[in-house]
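Worksheet: the structure to be examined is printed underneath.
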Amino acid sequence: MTTTLPVLTVDDLSKRYGSGCAACRDHAETALQGNTCRHCGTVHALSGVSFEVHPGEVLGIVGESGSGKSTILNCLYFDEEPTSGHAYLAAYERGAADLWTASGERRRWIRNHLLGKVYQNPMLGLNMDFSSVANIAEKMIAANDRHVGRMEARARVLLEHTRIPTHRMKTSPRQFSGGMQQRVQIAKALSNEPPILLLDEVTTGLDLSVQARVLDLIKQIRRDVGVAMILVSHDLAVIRMLADRTIVMRDGRQVEAGLTDQIMEDPQHPYTQELVYSLL
Amino acid sequence: MNEPVLSLRNVSKAFTLHAQEQRVEGCRDVTFDLAPGEFVGITGRSGSGKSTVLKLIYRTYLPQAGEMRYASEAFGSIDLARADERTVLALRRQEIGYVSQFLRVVPRTTAREVVESAMRETGTDPSAARAEAERLLEHFELPKALWESFPQTFSGGEKLRVNVARAMIKRPRILLLDEPTASLDAHSKSKVRALLASLKTEGTTMLGIFHDLAFMEGVCDRELHMEAGILS
Ligand SMILES: Nc1ncnc2c1ncn2[C@@H]1O[C@H](COP(=O)(O)OP(=O)(O)OP(=O)(O)O)[C@@H](O)[C@H]1O
Ligand SMILES: Nc1ncnc2c1ncn2[C@@H]1O[C@H](COP(=O)(O)OP(=O)(O)OP(=O)(O)O)[C@@H](O)[C@H]1O
Ligand SMILES: [Mg+2]
Ligand SMILES: [Mg+2]
Ligand SMILES: [Zn+2]
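So the protein sequences, as listed, match chains A and B.
Here my numbering is used: position 71 in the first sequence is 71, and no number is missing along the way.
Here my numbering is used: position 163 in the second sequence is 1163, and no number is missing along the way.
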């Protein structure tokens, strides 16, 4: 009905660890136990995942551990190579070119200019040998901004925005609390003003009060910056709070997708019902 | 005769609960029209399907059968039962409001922010949204001391006033009200009544469930009665 191009389109994404065998390639339903082939041991981390993210929208992805949530983000951020599938960003070649056929150099450009990611594990998303300011500057340098004064000023604004105290900006995030590290990651992800943010379990493992502050920040970014987000979490409360639409994953497959309140209050699939009602 | 803003035709919903191998009927063959500016109440016993009808219109529940034809300002005539999710989200931001008995908000969001951000979603600039949020909170006599506190800690009646203010601030064309006065004292109820009346003069179409029948008769133009999922 509305006609703007999706910010991101993912079409039929599959990711296998292992080469597969005749059984699991042709009769996945019977050959797999969970996401793993009984015959050859290949892990089918993702099988035929498709979705769109629209401008300003927050798409939630839920599912239990091992269901493939992180793998989706890893493929999108080029940390993993998909086995098959296509992905299109409206901001890249006007959505006409598949990200996963781009050259290594183009991929680096896309990653530095069009994407921001917050890793489940801050050790993967931040260089702990650099200060917070330098971590952000690094992302901007990668995106070809080499004006030192401007970079530092922008880094400071972003860190202030994410409420990192000024006197700690020049120190390594190694010494920060988990919540602060996640906030530095968020500042870094925002530094190149990407059209979409990929957030992997941003609040997992944090104390409730710290979680609340990180959620606050995401909500504020959503309202003030209007950037689209994919929010991966196994925490339904987080998804309920922030996501407009939600995808439910199990064993690498999408079992259900819909408006977040509909998924929570009128889940259709037996697995989603189990997931939702187990928390009531 | 004005074209209806909303017409439901044979709308049915049953819930399949897989683990219990149960099928629960929510409503069956519900058919009615809402004329522009009309305020219609739904009555019926507990479990008769009143909330189900509202949630189907808002699309919190996935409709199974029937048509819900809505005359949208932005999209023209559309069937809410089949509208895509983006369209539903856009309508929720701009045209269709929902007030439930319960306030569900992001933790650590102040009362003022809750109300203000609903208006900012429609594209209103921050200072105008803020002024309007404050006007409504004042209208509902939410003590000023609470404006910058978190509704999680509010009493039922205080929460509800924030909730009603949040839904009303957008001036939706259709407002769905699911027992919005359930935990209010008489004074707050009269405030809600005054606001509903002023929304009605502005032309808002409303569909509401009120367990206080006297209140409902005071505000509604007519009533629909439900029995075991069926409109009688
Ligand atoms: N390098 C690898 N080799 C083999 N299997 C892998 C590899 N990386 C991931 N997997 C498997 O892929 C599946 C999906 O993993 P993924 O990390 O995407 O799950 P997740 O949904 O993010 O789980 P969690 O909630 O625990 O973070 C899991 O079964 C995992 O064991
Ligand atoms: N999300 C749901 N999942 C399963 N069954 C549901 C759900 N929502 C409603 N029902 C069932 O549908 C029937 C109608 O419920 P509904 O909430 O519409 O009643 P109501 O008239 O609003 O009642 P009350 O006055 O108590 O609020 C009930 O049997 C109820 O158990
Ligand atoms: Mg993960
Ligand atoms: Mg009800
Ligand atoms: Zn196999």
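A virtual CB, placed ideally from N, CA and C, is assigned to each residue, including glycine.
Keep in mind it's a predicted model, so treat the numbers as computed, not measured.
Put simply, the residues with a CB less than 6 angstroms from any heavy atom of ligand 5 are Gly20(A), Cys21(A), Ala23(A), Cys24(A), Ala31(A), Cys37(A), His39(A), Cys40(A), Thr42(A), in chain order. Chain-ordered, the residues whose CB falls short of 7 angstroms from any heavy atom of ligand 3 come out as Lys69(A), Ser70(A), Gln120(A), Asp200(A), Glu201(A), Val232(A).
Taking 9 angstroms as the upper bound on Cβ-Cβ separation, chain A lies near residues Lys1055, Tyr1058, Arg1059, Thr1060, Tyr1061, Leu1062 of the region 1038 to 1068 of chain B. In the three-state reduction of the DSSP assignment, Thr1016(B) falls in the strand class, which pools E and B.
Straight through space, the alpha carbons of Leu1034(B) and Ala1186(B) are spaced by roughly 29 angstroms. Comparing alpha carbon positions, the residue from Gly85(A), Ala143(A), Leu73(A), Val7(A) closest to Gly48(A) is Gly85(A).
Classified as buried, Ala45(A) has 16 or more neighbouring CB atoms from the shown chains inside 10 Å of its CB. In this structure Phe1154(B) does not touch Lys1189(B) by the C-beta definition: roughly 17 angstroms separates them, more than the 8 angstroms allowed. Ser1232(B) and Ile1057(B) have their C-alpha atoms some 19 angstroms from each other. Chain-ordered listing is empty here: chain B has no CB closer than 8 angstroms to the CB of Arg150(A), the nearest sitting near 27 angstroms. At a beta-carbon threshold of 9 angstroms, the residues of chain B lying near His54(A) are Arg1086, Leu1089, ordered along the chain.
Note on geometry: alpha-carbon atoms of Glu1095(B) and Gly18(A) lie some 50 angstroms from one another. Between Ala1165(B) and Pro82(A), the alpha-carbon positions lie close to 48 angstroms from each other.
Measuring C-alpha to C-alpha distances from Gly125(A) to each of Leu242(A), Pro173(A), His234(A) identifies Pro173(A) as the nearest.
Rounded to whole angstroms, the gap between the alpha carbons of Pro6(A) and Asp1212(B) is 46 angstroms. Looking at the DSSP output, Gly258(A) bridges to Thr246(A). Here Gly95(A) carries a helix assignment [DSSP, helix/strand/coil]. Look at Phe1215(B) here: in three-state DSSP terms it is helix.
In this structure, DSSP gives Lys1200(B) a helical state, which the three-state scheme calls helix. Collapsing the DSSP output to three states places Asn74(A) in a helix. Using a Cβ distance threshold of 7 angstroms, Met169(A) and Val133(A) count as a contacting pair. Under the three-state reduction of DSSP, Tyr119(A) is assigned to coil, being neither helix nor strand. When distances are taken from the beta-carbon of Asp266(A) to the heavy atoms of ligand 2, the shortest one is below 6 angstroms.
In the DSSP assignment, Ala1081(B) forms no beta bridge with any residue. Annotation: the continuous alpha helix (DSSP H) that includes Ser132(A) extends over 132 to 142. Assignment of beta strand (DSSP E) within the region 1107 to 1194 of chain B, counting only whole runs of 3 or more residues, yields 1174 to 1178 in chain order. Rounded to whole angstroms, the separation of the alpha carbons of Asp235(A) and Tyr1070(B) is 35 angstroms.
Rounded to whole angstroms, the gap between the alpha carbons of Asn1002(B) and Gly226(A) is 38 angstroms. Not a single C-beta of chain B is nearer than 7 angstroms to the C-beta of Pro6(A). Annotation: Cβ neighbours of Ala1019(B) in chain A (cutoff 9 angstroms, chain order): Pro270, Gln273, Glu274, Tyr277. Residues of the same chain with a CB within less than 6 angstroms of the CB of Ser1100(B), apart from the 5 flanking positions on each side, are Asp1178 in chain order.
Under the Cβ criterion of 7 angstroms, Asp216(A) is counted among the residues facing chain B. The Cβ atoms of Pro122(A) and Gln175(A) lie no closer than 7 angstroms to each other. For Met151(A), the secondary structure class from DSSP, reduced to helix, strand or coil, is helix. Residues of chain A with a Cβ closer than 7 angstroms to the Cβ of Ser1127(B) do not exist; the shortest Cβ-Cβ separation is about 14 angstroms.
Under the criterion of beta carbons closer than 8 angstroms, Met264(A) and Gly63(A) do not qualify as touching, at roughly 14 angstroms.
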